[in-house]
Each structure stands twice: as C-alpha cells, then as structure tokens.
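Just below is one structure, and these are the notes that go with it.
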Amino acid sequence: MGLWLSNERTKARRDRINMIGKSIQTRLFSAAFLVIFMMTFGVGITFFLSSRWYVQYTARKETEHLIRMVQSESDRLSTDPAYTSSDSKENTRESSKALLRSVRLQLRDQPYNGIFLIFNSKQKLVFPQSSNDQNIYPISALEEQCRRMIQSGELISGKTSRILLSEDFWYISMYVFPSSTPVRAKYFVSVVQIPDSSVFWNYTRKLYLAILIASVFLSSFLVWGIARTISVPIQHLCLQIQRINGETDAQIQDSYSLNELEALKRSYNQMEEMIRRSEEEKRQFFQNASHDLKTPLASITGYSQGIVSNVIKDHQKAASIILSESLRMTDLVESILSLSKMDSHTFDLHPTDLEVMEFLDECVDIMSTIRRDCVIHLEAERPLMIHTDPELLKRVIQNILSNCLRYAEHEILIRMSTDGNSLILLIQDDGPGFLEKDLPHIFERFYKGNGGKNGIGLSIVWTGIHYLGGSITAGNRAVPEHGAYYQLLLPLSF
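The C-terminal residue of the sequence shown carries number 917 in the working numbering, and the numbering is unbroken.
Spelled out as structure tokens, the structure:
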C-alpha cells in the first residue's frame with residue numbers, strides 16, 4: 424500500500440512538472456530567457472573579439488602613421504632648393520641631417536605610443552641617444568632585433584611586419600632614406616607594442632559577469648511578468664468557459680486587455696450562439712417532425728381500430744384514408760432522410776442531360792392533377808439543355824408547385840431563360856403571397872406561418888437547389904400584381 428501511494432505521488436509530481444512545462448507562461452519565459460542570455464553572451468564575445476581587433480588595428484595604424492610622416496618630410500626636403508646644389512653628395516648628407524632634426528622635433532611635440540629608432544648607413548643607432556629623446560625603457564634588445572632584420576633583409580621599406588620580442592607582440596615598419604653615400608640618418612624604424620587584450624579582458628571580466636547576471640535576472644523578471652499578463656487572462660477565459668458550460672446563455676461578458684483574447688472571446692461567443700441556435704433548430708425540428716408523424720399515425724390507428732371493432736362500416740373509405748395517411752407519412756420520412764443525407768453530403772446524385780422544356784412539361788402534368796381549377800403556364804425563350812440530377816430537381820420543382828397550388832387563385836406561371844452560364848427559372852402564383860414577417864423564415868424546416876402548416880417542403884427546395892450547385896430567392900410580386908415568386912438559378916453543367 425505504501426509503495427502504491429509513493430508511485431502515485433511520483434506520478435502526480437511528474438504530471439505537475441509536465442503541466443508547468445507545457446504552459447504558455449513557461450514557454451514564453453523559456454524562449455525569451457534563452458534569447459536574452461544568448462544575446463548577452465554574444466555581446467560579451469563580440470566585445471572581446473572587437474576590442475582585440477581594435478587594439479591591433481590602432482597599433483598598426485600608429486606604426487604606419489609615423490613612417491608616412493617621415494616619408495612625406497623626406498619628399499619635401501628632396502625638392503627644397505637648399506639641398507639641390509651641384510654637390511649632390513653633400514646635399515644628400517645635409518638632407519639626411521635635416522630629416523633627422525625634423526623627426527626629433529615632431530616626436531617631442533606630439534605624443535607617440537611606440538618606439539622610434541633611427542640608424543645610420545652602418546646600422547648604428549643615432550636616435551634615441553638618451554631618455555630625453557623618448558621616454559622609453561631600455562631598448563637594447565629591440566635595437567639588436569631591428570639591426571638583425573635590416574641586415575637580413577626581413578625588414579623592407581614601406582612594409583609593416585609583426586614580431587615577437589620578450590613575450591610581447593610588436594608591429595614594426597621602416598622607411599629607408601634614399602642615398603648612395605653614407606648618411607647620418609638612413610633607416611627610420613617605427614615600433615609599436617600590440618597591447619595584450621587578455622589583460623584588459625581580465626580587468627573587465629568581473630564587471631561583465633556582474634552586468635550579465637544583473638541583466639539576465641532583471642530581464643527574466645520582466646519577461647516572467649509579461650508572460651504572466653498573457654497566461655493569466657487565458658486561464659481566466661478557460662475558467663469562464665468551464666463555469667458557463669451547460670448554461671442556457673453561455674456568452675462571455677468580461678473584457679480583456681489583449682486584442683487576441685478579445686478576438687478569441689468574440690469567436691467563442693459567435694460559436695456558442697451558432698451552436699445554441701442549431702440546437703434550438705434541431706429541437707424544433709424533432710418536435711415538429713414528431714407532431715407531423717403523430718397526426719397520420721393517429722388517423723391510421725383510429726381507422727384501423729374502427730375496422731377491427733366493426734365501428735366503421737365503410738371499410739373501403741377507411742382503407743383509402745389509411746393508404747393516404749401512410750403515403751403522407753412515407754413522404755415525410757423520405758423528406759427527412761433526404762435532408763439528413765444532403766446535410767451530411769451523402770445524398771447520391773446521378774446527373775444526366777435534360778431538355779428543360781420537356782422536363783418541366785412532365786412536372787406540370789403530374790402536378791396539374793392536384794387542382795383542376797388552377798392553370799400552370801410555361802414560357803421559354805428557346806429550347807435549353809442542362810446537365811443535372813433529374814430526380815432531385817423534379818422534387819424541388821414539385822415542392823415549389825405544390826406550395827403555389829395551395830395558395831394560387833387561378834394560375835401559376837413558369838418562365839425559363841438563361842444568362843449563358845445558368846438556367847433561370849421564375850415560378851410565380853397569383854395568391855396572397857407571403858407575410859412580411861414570414862419571409863426570412865420560409866425555408867426553415869417545419870416553420871409555420873399564420874394560417875400555414877408545418878412542413879419541410881420549402882426546406883427541401885432550399886437544401887436541394889444548393890446541393891445541385893444553384894441558388895434560390897423568394898418574395899412577393901410587385902404591386903399591382905399579387906402572389907409569391909421563386910427564382911431559381913442552376914448551372915447548365917453540374
């Protein structure tokens with residue numbers, strides 16, 4: 424027993440965890456948290472890589488900048504008239520000295536983050552000669568490295584290289600003063616140390632981690648609150664739906680701040696109204712169908728009992744009434760079955776080619792026997808063929824004519840025409856027409872107007888004509904004429 428309880432508790436705990444994991448609040452929070460964390464982490468990596476690239480970029484630019492300055496000054500001196508006399512060797516030596524003096528002055532006047540070395544033609548260091556020239560630490564190792572690279576040809580004028588010296592990386596670039604004779608300032612070398620970005624990263628890592636933790640925590644708190652503002656109204660809406668389940672009026676009246684929830688509420692209310700209306704129509708349908716079946720059954724039962732008990736002497740008349748009521752009940756049941764099949768799209772159609780005038784003549788011949796005092800006229804522009812199901816169309820036409828014969832005074836008119844794509848049938852009588860309040864309901868099943876009768880004849884018409892791909896409208900004829908009209912549109916090819 425204890426083991427069973429333990430298993431049940433474990434299962435319940437697992438179910439709660441699964442429910443939490445599947446909630447919209449958790450899903451929104453998890454997605455947003457992951458995005459925030461990845462973005463913050465990505466910013467840190469990007470900052471580290473970009474800072475590393477930036478210090479290398481600035482060091483290289485600093486190295487090349489001073490070399491370009493020296494080259495520009497050398498070009499200026501080469502065109503100076505003071506150094507272009509007939510003694511070219513002397514001019515070259517004086518020009519080299521002038522360039523040396525100019526570089527010294529510029530290094531003193533402007534800040535320089537690197538080391539600048541100047542060698543004579545014999546690769547002897549002529550600058551710096553003291554700490555007054557540049558505020559630098561001992562440069563003996565760097566001097567030897569530069570001299571070795573000049574002698575080996577590794578250091579090329581105008582080209583920037585990267586070297587490793589004393590566990591530090593440096594950018595080095597050189598300008599060679601053009602001269603064929605020994606000069607005091609021959610090789611101008613600019614060297615800038617590449618800062619170690621890892622040192623900077625070590626200083627800022629704790630700050631970055633603090634910012635990362637703070638931003639993730641604050642963002643998570645904010646996202647959790649936003650997700651809750653979405654999930655709580657949804658839960659409230661679900662509770663509302665559960666609370667009103669089974670009630671007669673199940674409309675949700677509460678308002679929601681989110682547009683999507685308002686749209687969901689409206690959709691639910693519309694769906695509930697449609698279901699309620701459908702249930703009411705279904706209830707009314709079965710109530711009226713039961714009533715219409717009860718009447719002929721009562722007649723059949725009554726006359727049958729009268730025959731059995733020998734109360735009714737005219738057995739022929741009783742049998743005729745029983746047969747009539749049986750046929751009436753059969754027709755009603757078949758109509759109900761046909762409606763049900765068409766509603767579920769299981770009604771079988773057998774379309775074929777029909778000559779419309781001949782088809783209507785046949786329908787008129789059958790229906791004319793109901794009332795001999797009412798004339799049915801047929802008018803047609805020209806012979807017309809249509810491809811449709813003859814049995815269902817015949818039932819539609821006969822139901823309309825049956826309704827017209829019930830109310831017509833003297834005549835019924837059937838007018839046939841076409842618009843090129845559809846068959847247009849206009850059927851009208853000279854009866855009293857429809858009451859205005861009944862017009863919106865004449866195709867409803869078992870609708871009963873004032874002075875009318877329960878039935879599904881016109882609902883068969885509506886459902887059948889749409890099942891054949893057509894449409895129907897009905898109304899009253901325009902004054903001064905009187906009576907009802909039905910206009911049917913059917914595609915020529917089904």
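Beta carbons: idealized from backbone N, C-alpha and C, even for Gly. This structure is a prediction, so every number in the text was calculated from the model and none was measured.
- Task: Assign residue 629 to buried or exposed, taking buried as 16 or more other Cβ atoms, counted over all protein chains shown, within 10 Å of its Cβ.
- Result: Of the residues assessed, residue 629 falls on the exposed side of the cut-off, its CB having fewer than 16 other CB atoms within 10 angstroms.
- Query: Buried or exposed: residue 674, going by 16 or more other Cβ atoms within 10 Å of its Cβ?
  - Reply: By the Cβ-count criterion, residue 674 is exposed, with fewer than 16 other Cβ atoms from all chains shown falling within 10 Å of its own Cβ.
- Query: Can you find at least 3 beta carbon pairs, one from the stretch 634-654 and one from the stretch 448-464, that sit closer than 8 Å?
  - Reply: Taking 8 Å as the limit for Cβ pairs, the verdict is that the stretch 448-464 does touch the stretch 634-654.
- Determine which residues share a DSSP beta bridge with residue 896 and list them. Looking at the DSSP output, residue 896 bridges to 910.
- Task: Starting from residue 564, follow the alpha helix (DSSP H) in both directions and report where the run begins and ends.
- Result: For residue 564, the enclosing alpha helix (DSSP H) covers residues 563-575.
- Helix, strand or coil at residue 830 according to DSSP, with G and I counted as helix: Note: residue 830 maps to helix in three-state DSSP.
- Item | Contacting residues, own chain, Cβ-Cβ under 7 Å from residue 751 (five flanking each side not counted) | So the qualifying residues of the chain are 719.
- C-alpha gap between residue 877 and residue 840, whole angstroms: Residue placement at residue 877 is flagged as unreliable, the pLDDT there being 46, under the threshold of 50; the coordinate-derived value follows with that caveat. One C-alpha to the other measures close to 33 Å.
- Could you say if the stretch 812-828 and the stretch 775-795 meet the contact criterion of at least three C-beta pairs nearer than 8 Å? Contact between the stretch 812-828 and the stretch 775-795 is present, because at least three Cβ pairs lie under 8 Å.
- C-alpha gap between residue 909 and residue 778, whole angstroms: Their Cα atoms are separated by approximately 21 Å.
- Item | Nearest neighbour of residue 771, chosen from 812, 487 and 745 [CA to CA] | For the residues 812, 487 and 745, the minimum Cα distance to residue 771 belongs to 812.
- Item | Residue from 896, 891 and 621 whose Cα sits closest to the Cα of residue 864 | The closest CA to that of residue 864, considering only 896, 891 and 621, is found on 896.
- In DSSP terms, what residue 739 is bridged to: In the DSSP assignment, residue 739 is bridged to no other residue.
- Query: Based on Cα-Cα distance, which residue from 867, 499 and 914 lies nearest to residue 700?
  - Reply: Measuring C-alpha to C-alpha distances from residue 700 to each of 867, 499 and 914 identifies 867 as the nearest.
- Item | Per DSSP, cross-strand counterpart(s) of residue 477 | BP columns for residue 477 are empty, so no partner.
- Message: With H, G and I counted as helix, E and B as strand and the rest as coil, what does DSSP make of residue 851?
- Response: The three-state secondary structure of residue 851, taken from DSSP, is strand.
- Helix or strand or just coil, what does DSSP make of residue 792? Collapsing the DSSP output to three states places residue 792 in coil.
- Taking the continuous alpha helix (DSSP H) assigned at residue 859, which residues delimit it? Per DSSP, residue 859 lies in no alpha helix (DSSP H) segment and is marked neither H nor E.
- Through-space distance from residue 664 to residue 784, alpha-carbon basis: CA-CA distance, residue 784 to residue 664, rounds to 57 Å.
- Task: Using 10 angstroms around the beta-carbon of residue 539, count the other beta-carbons present and answer buried if the total reaches 16, otherwise exposed.
- Result: Residue 539 is buried by the Cβ-count criterion.
- Query: From this set, 795, 653, 890 and 755, which residue's C-alpha is nearest residue 447's C-alpha?
  - Reply: Taking only the C-alpha atoms, the option nearest residue 447 is 653.
- Message: Within 8 Å, do at least three Cβ pairs link the stretch 850-857 to the stretch 824-836?
- Response: They touch, by the three-pair rule.
- Rounded Cβ spacing between residue 485 and residue 583 (contact assumed at less than 8 Å): Incorrect: roughly 11 Å between the Cβ atoms, too far for contact.
- Item | residue 858 versus 815, 845 and 907, residue with shortest Cα-Cα distance | Among 815, 845 and 907, the Cα nearest to that of residue 858 belongs to 907.
- Classification of residue 464 by the beta-carbon crowding that lies within 10 angstroms, buried from 16 upward: Sixteen is the threshold: since fewer than 16 other Cβ atoms of the shown chains lie within 10 Å of the Cβ of residue 464, the residue is exposed.
- Query: How close, in whole Å, do the beta carbons of residue 880 and residue 825 come, if the pair is a contact with beta carbons under 8 Å?
  - Reply: A Cβ-Cβ distance of about 6 Å is found for the pair residue 880 and residue 825, placing them in contact under the 8 Å criterion.
- Item | Residues that residue 548 bridges to, as DSSP identifies them | Residue 548 is bridged to 542.
- Query: Are the Cβ atoms of residue 762 and residue 882 separated by less than 8 Å?
  - Reply: At a Cβ-Cβ threshold of 8 Å, residue 762 and residue 882 count as neighbours.
- Task: Could you tell me if residue 886 is buried or exposed, where buried requires 16 or more neighbouring beta carbons within 10 angstroms of its beta carbon?
- Result: Its Cβ being crowded by 16 or more others within 10 Å, residue 886 is buried.
- In chain order, what residues of the same chain lie with their CB nearer than 6 Å to the CB of residue 595, ignoring the 5 residues before and after it? Once the five neighbours on either side are set aside, the close Cβ partners of residue 595 are 584, 586 and 614.
- Using CA coordinates, which residue listed in 493, 518, 491 and 581 is at the minimum distance from residue 502? Put simply, of 493, 518, 491 and 581 the residue whose alpha carbon is nearest the alpha carbon of residue 502 is 518.
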